[in-house]
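Engineer: Input: one structure, supplied below.
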Amino acid sequence: MGKRTALITGAAGGIGLETARRLLDDGWKVGLLDVADALPSLLEGLPGGDEDKVAARCDVADPQSVVAAVELVRSALGPIEGVVNNAGIVDHIAPMARMKPEKWAWELGVNLSGPFHVIQLTAPAMADAGFGRIVNIASMAARMGLRNQAAYSSSKAGLLGLARVVVAEYAAFGVTCNTVLPGMIATPKVLGMPPHILERASAGVPCGRIGRLDEIAALIAFLMSDIAGYINGAEIAIDGGSGANVTSLSGSRKT
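So my numbering is basically just the index in the sequence shown, starting at one, shifted up by 590.
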């Protein structure tokens, strides 16, 4: 069996780029999609030969842009057997009463409609082939009510429902669809936060640190593997224990 092909959205940095690196190391061919113009220049720093990777500019909120990108990846690398829906934005922080309708629509368009567009174009062919892996990158915000982030929390929660429908329609044909819910992760945006805010955020994680990109990529790579075929419809938090609502009366982590 030859190398399988994966498509990753939001692949120009952070979780997407690290996942591309990991999947290439694991023997996948990878199509990297992003709106960033610099995406093609990133290919040189990734493992694998030129025949193993391709970059396509794509706005996942635009169905026609997704059609063009998916076709480019297929023509360059072959049938798409894995998808990582990673593209996401947090572009409008505002109370619900002042959240602009166009900003709400834009965030849902990228974070929720984007994965729908990609799955709609790739899942049927996966089902025909009898194998497929879909991993949606949500957020712990999908399970929490984040103040001033109605669009972000709602869009990420929507991914959980989308995954359940994919399982209902495609599980019988060898396709899995799982959702990863990262907590505070060391993405460029997070690391660019003011030091005092980053320190406070790290202190609030039970394990005492923020997550690494390679830890997220390793989880995604496992869910994309053959051996993960019986994991379907799972919602996996990777947040250092933040979702456990841990409290302490002593103020100490020592036991």
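For glycine and all other residues, C-beta sits at the position ideal for the given N, C-alpha and C.
1) Quick check: the stretch 764-774 against the stretch 725-734, are there 3 or more CB pairs under 8 Å?
2) Report buried or exposed for aspartate 649, applying the criterion of at least 16 other Cβ atoms within 10 angstroms of its Cβ.
3) Using 7 Å as the threshold, is the C-beta distance between serine 743 and valine 795 below it?
4) To test your reading of the DSSP string, which unbroken beta strand (DSSP E) runs of 3 or more residues are found completely within the stretch 763-838?
5) Can you tell me the Cα-Cα spacing of methionine 686 and valine 700, whole angstroms?
6) Check whether the stretch 639-646 and the stretch 816-828 are in contact - that is, three or more C-beta pairs closer than 8 Å.
7) Leaving out five residues on either side along the sequence, give the residues of the same chain with a beta carbon under 8 Å from the beta carbon of aspartate 681.
8) Taking DSSP as the reference, what is the three-state secondary structure of lysine 619?
9) Tell me the residue span of the alpha helix (DSSP H) that contains arginine 754.
10) Report the three-state DSSP secondary structure of asparagine 701 (helix, strand or coil).
11) Could you say which of Met689, Val756, Lys746 and Ser745 lies nearest to leucine 711 if we only look at CA atoms?
12) Can at least three beta-carbon pairs, one atom from the stretch 784-804 and one from the stretch 736-752, be found at a separation below 8 Å?
13) Between the Cα of alanine 628 and those of Glu608, Gly603 and Thr609, spot the shortest distance and give me the residue it belongs to.
14) Starting from the C-beta of leucine 839, find all residues in its chain whose C-beta is less than 6 Å away, skip the five residues before and the five after it, and write them out in chain order.
15) Report yes or no: do three or more beta-carbon pairs, one from the stretch 731-739 and one from the stretch 775-794, lie closer than 8 Å?
16) Alpha carbon to alpha carbon, how far is glycine 672 from alanine 626? Give it in angstroms, no decimals.
17) Determine the burial state of leucine 607: buried for a count of at least 16 other Cβ atoms within 10 Å of its Cβ, exposed for fewer.
18) Please report the straight-line C-alpha distance between proline 669 and alanine 793, rounded to a whole angstrom.
19) Taking the alpha carbon of glycine 600 as the reference point, which residue from Leu788, Pro630, Asp616 and Gly782 has its own alpha carbon closest?
Structural biologist: On the basis of the data shown:
1) yes
2) buried
3) no
4) 765-772 and 825-828
5) 19 Å
6) no
7) Lys693, Trp696 and Glu697
8) strand
9) 740-760
10) helix
11) Val756
12) no
13) Gly603
14) Because leucine 839 sits at a pLDDT of 49, beneath the cut-off of 50, its placement in the model cannot be relied upon, and the following sentence gives the value as read from the coordinates. Answer for leucine 839: no residue qualifies.
15) no
16) 22 Å
17) buried
18) 44 Å
19) Pro630
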